[in-house]
Every structure is written in C-alpha cells, then in structure tokens.
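Colleague: Mind looking over this structure? Questions follow.
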C-alpha cells in the first residue's frame, strides 16, 4: 500500500483547506482510514477517522470544524478543515489500516495557520 497526501499549505486563521490522501496497492474500500497530526514538540494525535462503512469520528478539538470523508471510487480520503486556528498547525498524516490491523502511513503534509 502506498499513500500520497496532499493539500497542505499556509492559511490565515479562520480559513479553510482540504487535505487529500490517495491510496494505491490495497483494498481501499475495506480499509479503516484516519488523519493524525503532529505539531512541533508534541506527540502525534488522532484527528479523525472513518470506517469502511463510512462511520466517522472526530477529535474534540476539531469536531464541528473538520470533516473526514472518503471516495472509494477514487481510493481517496479527505479532511475538510474550516475555521482554522493557529493551534491546528502541524504535519498531517493519513493512516490506512487493513482489516487485520496493519497500518500504513503517508508521508505527511504541512499545514501552517498564521496571519
């Protein structure tokens, strides 16, 4: 499985951005997908997840602002981010978990929220 994350960049506070993560080489429609992030000096944290059936979960810190979704026809998972805050600044990683629990990680994409 290979993952290619994209969509990061520099955004002003209050702005919006969508991250994408395209998967290849696996059974994407069966995979549990998630976005994690890691800010400088902090541990990696789970931001949002989506099951193969489309059930979602979002961290308290982003609930109501971020939305995870997937398009199985495109083998892609998205993270729509609204009302961005400086504390959302981090490297964002997508996680592909197979039905037997093996994790694959994308290379990460940098989001910087700053005026």
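In our numbering, the protein residues as written are 6 to 120. Glycine included, each C-beta is placed from N, C-alpha and C at the ideal position.
#1: Can the beta-carbon of residue 17 be found less than 9 Å from the beta-carbon of residue 120?
#2: Is the beta carbon of residue 83 less than 9 Å from the beta carbon of residue 8?
#3: Residues in its own chain within less than 6 Å of residue 98 by CB, not counting five upstream and five downstream?
#4: The beta strand (DSSP E) that contains residue 17, what's its start and end?
#5: Beta-carbon separation of residue 100 and residue 39 under 9 Å?
Modeller: By the coordinates alone:
#1: Contact: yes.
#2: Not in contact: residue 83 and residue 8 (Cβ atoms no closer than 9 Å).
#3: Excluding residues within five positions, the ones whose Cβ falls inside 6 Å are 41, 110, 111 and 113.
#4: Going by DSSP, residue 17 is part of no beta strand (DSSP E) at all; its letter is neither H nor E.
#5: At a Cβ-Cβ threshold of 9 Å, residue 100 and residue 39 count as neighbours.
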